[in-house]
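Enquirer: Taking our numbering, the leading residue of the sequence shown gets 1, the next gets one more, and so forth.
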Amino acid sequence: MDWVRRRAGSLLGLGLIGGLVWTTVVTLSMPGWYAPGEDCARKVGAVDAVPRTSWFPPSASCVSGDEVRQYMSTTRSVVLSVVGVLLLLLIAAGLILTVQRLTGAAGPIRTGDDLKRRRRSHLTFGALDMGVAFAFVTFLNAVAIVFGGLPGAILFILTALVGLSAFGTVLDRHMGPLPSSALESRRRGTVAGLATFGIVFAATAVSGQLPFFRFWAVPLSAIAYAAIAAAQWSRVVELATDRPAQR
Numbered sequence: 001m002d003w004v005r006r007r008a009g010s011l012l013g014l015g016l017i018g019g020l021v022w023t024t025v026v027t028l029s030m031p032g033w034y035a036p037g038e039d040c041a042r043k044v045g046a047v048d049a050v051p052r053t054s055w056f057p058p059s060a061s062c063v064s065g066d067e068v069r070q071y072m073s074t075t076r077s078v079v080l081s082v083v084g085v086l087l088l089l090l091i092a093a094g095l096i097l098t099v100q101r102l103t104g105a106a107g108p109i110r111t112g113d114d115l116k117r118r119r120r121s122h123l124t125f126g127a128l129d130m131g132v133a134f135a136f137v138t139f140l141n142a143v144a145i146v147f148g149g150l151p152g153a154i155l156f157i158l159t160a161l162v163g164l165s166a167f168g169t170v171l172d173r174h175m176g177p178l179p180s181s182a183l184e185s186r187r188r189g190t191v192a193g194l195a196t197f198g199i200v201f202a203a204t205a206v207s208g209q210l211p212f213f214r215f216w217a218v219p220l221s222a223i224a225y226a227a228i229a230a231a232q233w234s235r236v237v238e239l240a241t242d243r244p245a246q247r
């Protein structure tokens, strides 16, 4: 069980990537949103048809008058339904195990020298790294919504939150505040990733440009992450200063 818990991130990542692929396959198995009537006419011979689709269970048909013609085969619908349920179970298990990793024993405390240089690197290179990561998130945002519709958008948000949290943890582990335990590093990285996404999402919503992120999200994410990391550094330094005074 401990091995499975340590692989929680990989398990969750596999489920989320599989979910994004699933939404793409379902979308491509339905009439296209740009010319559904033409797709119905080309595939099933229904003229002036109106598409009728469902995401779960996945299904698609073309309605022309009183005639209903099946666009997605029953076999494909059943297979996609089974795969969808399995992916949901995988994502749920991964989420539960990932949350459990944010609790428990803190572990040994890591210390380090030249903390000023470490902090400077974190606030500069860490912020630049987060900006690069958000460039990929912005690209994934467009792809997931165009090819996955509403389910793709939901999976994108979940994938972005998990991915940025994991990336924030990696940055914190390599450049984050010291002294610190592995558990504290995971928590700070998770908070930094979630907060950065939240700030960009809120700014995009206020500007009226949802559901698509714009390229200005990249520099905004870097600035937001630098501000969050600076606050976390200040808190750790303050706690480290107070501990000797309390002894």
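The beta carbon of each residue, even a glycine, is placed where N, CA and C say it ideally should be.
(1) According to the neighbour-count rule (16 or more other Cβ atoms, all chains shown, within 10 Å of its Cβ), is Tyr34 buried or exposed?
(2) By the three-class DSSP mapping on this structure, what secondary structure does Ala35 have?
(3) Tell me, to the nearest whole angstrom, how far the beta carbon of Arg188 is from that of Gly198; I am working on the premise that it is less than 8 Å.
(4) Alpha carbon to alpha carbon, how far is Gln100 from Ala8? Give it in angstroms, no decimals.
(5) Given a cut-off of 8 Å on the beta-carbon distance, is the pair Met130 and Ala222 in contact?
(6) Alpha carbon to alpha carbon, how far is Ala135 from His174?
(7) Check whether the region 116-132 and the region 205-224 touch, using three or more Cβ-Cβ pairs below 8 Å as the test.
(8) What are the boundary residues of the alpha helix (DSSP H) that includes Thr190?
(9) Can you tell me the Cα-Cα spacing of Leu20 and Glu238, whole angstroms?
(10) On a Cα-Cα basis, can you pick out the residue from Thr196, Val50, Pro211, Leu194 that is closest to Leu140?
(11) So Thr159 and Ala217 are supposed to be a Cβ contact under 8 Å. How far apart are they, rounded?
(12) Please name the residue, chosen from Ser81, Pro57, Thr74, Val44, that lies closest to Val63 on a Cα-to-Cα basis.
(13) Below 8 Å between beta carbons: does that hold for Leu27 and Gly149?
(14) Is it right to say Ile96 is buried, meaning 16 or more other beta carbons lie within 10 angstroms of its own, or is it exposed?
(15) Can you tell me the Cα-Cα spacing of Pro179 and Leu171, whole angstroms?
Expert: So, from the data block:
(1) exposed
(2) coil
(3) Their Cβ separation, rounded to whole angstroms, is 15 Å, which puts Arg188 and Gly198 out of contact at 8 Å.
(4) 9 Å
(5) yes
(6) 21 Å
(7) yes
(8) 182-206
(9) 42 Å
(10) Pro211
(11) No, Thr159 and Ala217 are not in contact; Cβ-Cβ is about 16 Å, not under 8 Å.
(12) Val44
(13) In the sequence as displayed, the identity of residue 27 is Thr instead of Leu. Their beta carbons are under 8 Å apart, which means Thr27 touches Gly149 by this criterion.
(14) exposed
(15) 15 Å
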